[in-house]
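J.: Questions regarding the structure given below will be posed in turn.
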Amino acid sequence: MVAAATLAEEILDVKARRRAIILAHHYQEAEIQELADSVGDSLELARIAKKFDGEVIAFCGVRFMAETAKVLNPERIVVVPDIHAGCSLVESCSAESVRAFKRRNPDHVIVSYINTSVEVKAESDILCTSRNAIAVVNSIPADKPILFLPDINLGNYVQKQTGRKNMKIWQGACIVHATFPARRLAAARAEHPSALVAAHPECPRDVLRMADFIGSTSAIIDWCTKQNADEFIVMTESGVRYSLEKLAPQKKFYFVANENCNCSECPYMKLNSLEKLLACLENLEPRIELPSAIMERALVPLERMLAVR
Ligand code: 13P
Ligand code: SF4
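Following our numbering, the numbering of the sequence shown begins with 110 at its first residue and continues without gaps.
Have a look at this one:
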């Protein structure tokens with residue numbers, strides 16, 4: 110096995126040769142985040158990918174994020190360390206089921222979370238991320254009925270925040286966040302009584318009810334580092350520990366294990382490794398290739414989302 114330091118040097122070397130950028134989501138292993146040109150949540154990384162004018166985007170996250178980068182910047186080569194890095198939310202919602210809904214409900218505006226396949230994006234009117242979902246729903250005229258898909262917990266949270274009554278919500282869920290049990294959060298609070306609680310909106314309603322702050326991955330990091338408190342219970346994927354400890358080394362961060370893996374890690378995100386990152390930069394494979402007709406259709410709701418402030 111090659112030492113991590115040597116691997117890192119090789120990656121930086123091939124990155125320069127390829128005129129590449131490495132983008133990493135906050136849920137990546139620390140050693141990948143360390144090497145990345147930018148680390149961010151799904152919205153931040155989409156914006157960076159759109160502006161990149163080099164040759165190759167090496168996207169360390171999950172497949173739907175790399176597909177989004179390709180749609181926003183189709184001239185670039187987009188490679189991923191592991192093509193099997195999927196997402197349970199993407200799997201919960203097929204394009205055919207969305208088309209069937211649209212046939213039955215032609216009046217509904219389709220608001221899709223960015224955690225969807227490019228084919229579902231192509232069927233959507235507007236997209237959103239956990240960071241801008243409330244603003245996106247508020248941007249739709251009040252008399253228009255909405256289908257929000259595919260995350261039930263984010264959908265319920267957005268509905269509560271916006272007071273939107275004419276909104277149907279898909280039944281998909283994240284295998285990481287949706288299986289954080291409220292009783293384990295209650296036990297963590299009993300153990301750390303001065304800790305504040307920050308939660309991602311993909312968590313179940315009873316977990317969100319106990320949160321002092323609810324927001325996207327980057328919003329959680331930002332809030333925890335700026336709050337005048339020393340201890341936090343963080344209800345999201347434990348990869349965020351890297352940025353939290355880098356930005357606020359004096360603070361303490363506790364994570365709660367979910368009931369799926371008895372951990373707080375996304376198994377898809379953790380498929381990526383330094384070895385696979387080096388290989389995808391060297392080989393320019395696995396590469397994201399999408400039919401241009403689908404990309405053109407998916408770009409419309411993506412651009413609408415990016416125009417919402
Ligand atoms: P963010 O939009 O907060 O990056 O979340 C993406 C995601 O997959 C959360 O599980
Ligand atoms: Fe998908 Fe959940 Fe993993 Fe995010 S944490 S990529 S929503 S499975």
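Even glycine gets a Cβ: it sits at the ideal position worked out from N, Cα and C. Note that the structure is predicted; figures quoted are calculated from it, not measured.
Considering only their Cβ atoms, is the gap separating THR177 from VAL199 smaller than 8 Å?
T.: No. Outside cutoff.
J.: Taking the alpha carbon of GLU300 as the point to measure from, which residue in PHE364, ASP122, ALA194 has its own alpha carbon closest?
T.: Nearest option by C-alpha distance: PHE364.
J.: Is ILE278 helix, strand or coil by DSSP?
T.: In this structure, ILE278 counts as strand in the three-state DSSP scheme.
J.: Taking 8 Å as the CB-CB limit, is ALA416 close to chain D?
T.: Considering every chain present, this structure includes no chain D. It has just one protein chain.
J.: Could you spell out the range, first to last residue, of the beta strand (DSSP E) harbouring LYS360?
T.: Counting along the chain, LYS360 falls outside any beta strand (DSSP E), and DSSP gives it neither H nor E.
J.: Among residues of its own chain, excluding the 5 on either side of ILE243, which ones have a beta-carbon nearer than 7 Å to its beta-carbon?
T.: Correct list, in chain order: VAL267, GLN270, THR271.
J.: In whole angstroms, give me the CA-to-CA distance for ALA155 and ALA125.
T.: So the alpha carbons of these two residues sit roughly 22 Å apart.
J.: Where DSSP assigns a beta bridge to HIS134, which residues make up the other side?
T.: DSSP, once it has assigned bridges, lists GLY149 as partnering HIS134.
J.: My guess is that PRO211 and GLU232 are in contact by the Cβ rule of under 8 Å, so how many angstroms apart are they, rounded?
T.: Looking at the sequence shown, residue 211 is not Pro but Lys. Right, their Cβ atoms sit about 7 Å apart.
J.: I need the straight-line Cα distance from THR326 to ARG350, nearest angstrom please.
T.: Answer to the nearest angstrom: the Cα atoms are 11 Å apart.
J.: Pull up the CB-CB distance for LEU305 and PHE341, whole angstroms please, since I reckon it's below 8 Å.
T.: Right, their Cβ atoms sit about 5 Å apart.
J.: Which ranges does the alpha helix (DSSP H) cover as unbroken runs of at least 4 residues, wholly within the stretch 232-270, from first to last along the chain?
T.: Entirely contained in the stretch 232-270, the alpha helix (DSSP H) runs reaching 4 residues are, in chain order, 242-247.
J.: Using CA coordinates, which residue listed in ALA209, PRO190, ALA307 is at the minimum distance from GLU394?
T.: Closest by alpha carbon: PRO190.
J.: On the three-pair Cβ rule with 8 Å, is the stretch 252-261 touching the stretch 279-286?
T.: At 8 Å Cβ cutoff, the stretches touch.
J.: Note down, in chain order, each residue of its chain lying with its Cβ closer than 7 Å to the Cβ of LYS253, except the 5 sequence neighbours on either side.
T.: For LYS253, where only same-chain residues beyond five positions count, the Cβ hits under 7 Å are VAL218.
J.: Is ILE192 helix, strand or coil when you go by DSSP?
T.: ILE192: coil per DSSP, three-state reduction.
J.: Please tell me whether LEU383 and ALA113 are closer than 8 Å, where the distance is taken between their beta carbons.
T.: Contact flag set, yes.
J.: Quick check on LYS504: buried or exposed, where buried means 16 or more other Cβ atoms within 10 Å of its Cβ?
T.: No answer is possible for residue 504: it lies beyond the span of the chain, which begins at 110 and ends at 418.
J.: Just to confirm my understanding: we take ILE141, look at its own chain, exclude 5 residues before and 5 after, and list those with CB closer than 7 Å. What are they?
T.: If we look at ILE141 and ignore the five residues flanking it on each side, its Cβ neighbours are ALA133, CYS169, ASN381, LEU383, LEU386.
J.: Could you give the DSSP three-state label for MET404: helix, strand or coil?
T.: Correct three-state label for MET404: helix.
J.: Can you give the Cα-Cα distance for GLN336 and SER347, rounded to whole angstroms?
T.: Approximately 19 Å between the Cα atoms of the pair.
J.: For ligand 2, is there a heavy atom less than 7 Å away from the beta-carbon of VAL220?
T.: No.
J.: My assumption, with CB atoms under 8 Å, is that ASN371 sits in contact with VAL285. Please give the rounded CB distance.
T.: That pair is no contact at about 12 Å.
J.: At a threshold of 7 Å, does SER197 count as lining ligand 2 (C-beta to nearest heavy atom)?
T.: Because some heavy atom of ligand 2 lies under 7 Å away, the Cβ of SER197 counts as near it: yes.
J.: Using the DSSP secondary-structure output, state which residues sit across from MET344 in a beta bridge.
T.: Beta-bridge pairing links MET344 to ALA308.
J.: Do you know offhand how far ARG172's Cα is from VAL409's?
T.: Rounded to whole angstroms, ARG172 to VAL409 spans 20 Å at the Cα level.
J.: What first and last residue would you give for the beta strand (DSSP E) that runs through SER221?
T.: Where SER221 is concerned, the enclosing beta strand (DSSP E) stretches over 218-222.
J.: Consider the C-beta atom of MET378 and the heavy atoms of ligand 4; say whether any pair is separated by less than 7 Å.
T.: Absence of ligand 4 from the depicted structure is noted, with ligand 1 and ligand 2 being the only ligands included.
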